[in-house]
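Asker: In the numbering used here, the protein residues as written are 188 to 436.
Each residue gets a CB set at the ideal place from its N, CA and C atoms; glycine is no exception.
Please see the structure below; I have some questions.
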Amino acid sequence: QMLRTQAEAERQQNWRRGQQIDQRRVLLDERQQSVERERQILTRERRSLEERLALDAEHFRQERAAWEQERETQKADLRRQQDLLTLHAENLEARRQRLDRLRSELEETNRHSLEMRLAVEESVAQLLQTAGTEAARERIDEAHAVLAEYYRHTRESIIRQHQELEQVQQRIQEQRTEFRNERQLLVTWATQQEEQFAARDQALHAEREALEHRFADQQRQIASLTAENLRAESRIRELLNELAERDAE
188 QMLRTQAEAE
198 RQQNWRRGQQ
208 IDQRRVLLDE
218 RQQSVERERQ
228 ILTRERRSLE
238 ERLALDAEHF
248 RQERAAWEQE
258 RETQKADLRR
268 QQDLLTLHAE
278 NLEARRQRLD
288 RLRSELEETN
298 RHSLEMRLAV
308 EESVAQLLQT
318 AGTEAARERI
328 DEAHAVLAEY
338 YRHTRESIIR
348 QHQELEQVQQ
358 RIQEQRTEFR
368 NERQLLVTWA
378 TQQEEQFAAR
388 DQALHAEREA
398 LEHRFADQQR
408 QIASLTAENL
418 RAESRIRELL
428 NELAERDAE
């Protein structure tokens, strides 16, 4: 009777252990499935993030290439403007030199004309003293008038050209000011764009590093769960072997 009771107690104990083993196996299977789901989710998430980062990097590359092309175009425009301003300045200097020569020639002509006028007036005085004709006086007055009109017209022409020259010089100065302002705007714009591109590049790099860290953390968690499952599986096999040995007894 005692042996039967002891055997029954052992069977009950083995049955309970078997139930516990089955429960642990179910839990182990669930955890293994959970680990597999985590791995699949992580793989999909990693692929999605990598695709998004690659797309962002491509957009960034295209935007930077477009910006660099635009910057080169603006630089070329500024160089053309600089060349035009230099050409205008050279032309302006050439015109100034021509006007200076013309003014010198006019002053020299005026000096000669004064000398000629003195000589003419002396001749007129002598002619009037000797001839005293009204016709001679009229011819002399006409010559004086023609000479005075010529020099007046020449003087007005030089004054007008000087005024035009000053206006052109003022326009060139204004263009130079505009050119400096545009160049400063280009430098400011280029600096801002460089800072924005650097910030975006840094943000992409930081996001990629964060993704790698997150992936590494999840990989460590999955590895830890897998190792724990392996230990649990090994323990279950040990318990099953113990039960089998007891049943064999």
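1) If you check the beta carbons only, do PHE402 and ARG233 fall under 8 Å apart?
2) Report yes if the C-beta distance between GLU420 and LEU215 is below 8 Å; otherwise report no.
3) Assuming GLN269 and PHE366 are in contact, meaning their beta carbons sit under 8 Å apart, how far apart are those beta carbons, in whole angstroms?
4) Using the C-alpha atoms, what's the distance from LEU274 back to GLN356?
5) Looking at C-beta atoms only, is the number of pairs between the segment 251-261 and the segment 329-344 that lie closer than 8 Å three or more?
6) Using CA coordinates, which residue listed in ALA241, ASP243, ASN368 is at the minimum distance from LEU265?
7) Does any residue of chain D have a CB that is nearer than 8 Å to the CB of GLN362?
8) Pull up the distance between the alpha-carbon of ALA390 and that of GLN379, whole angstroms please.
9) ARG276 and ILE359: beta carbons closer than 8 Å?
10) Measure the C-alpha to C-alpha separation of GLU343 and LEU352 and round it to an integer number of angstroms.
11) Whose C-beta lies closer than 7 Å to the C-beta of THR413 among residues of the same chain, with five residues either side of it excluded?
12) Inspect the beta-carbon positions of ARG258 and ILE345 and report whether they are closer than 8 Å.
13) Figure out for me which residue from HIS349, TYR338, LEU272 has the closest Cα to the Cα of GLN284.
14) How many Å lie between ARG387 and TRP376 at the Cα?
Answerer: This is what the structure gives:
1) If you check the CB distance, PHE402 and ARG233 come in under 8 Å.
2) Yes, the pair counts as a contact, with Cβ atoms nearer than the cut-off.
3) 7 Å
4) 12 Å
5) no
6) ASN368
7) Absent here is chain D; the protein component of the structure consists of one chain.
8) If I take the Cα positions, the gap works out to 16 Å.
9) This sequence places Ala at residue 276; Arg is not what is there. Yes, Cβ-Cβ distance for ALA276 and ILE359 is below 8 Å.
10) 14 Å
11) VAL222
12) no
13) HIS349
14) 16 Å
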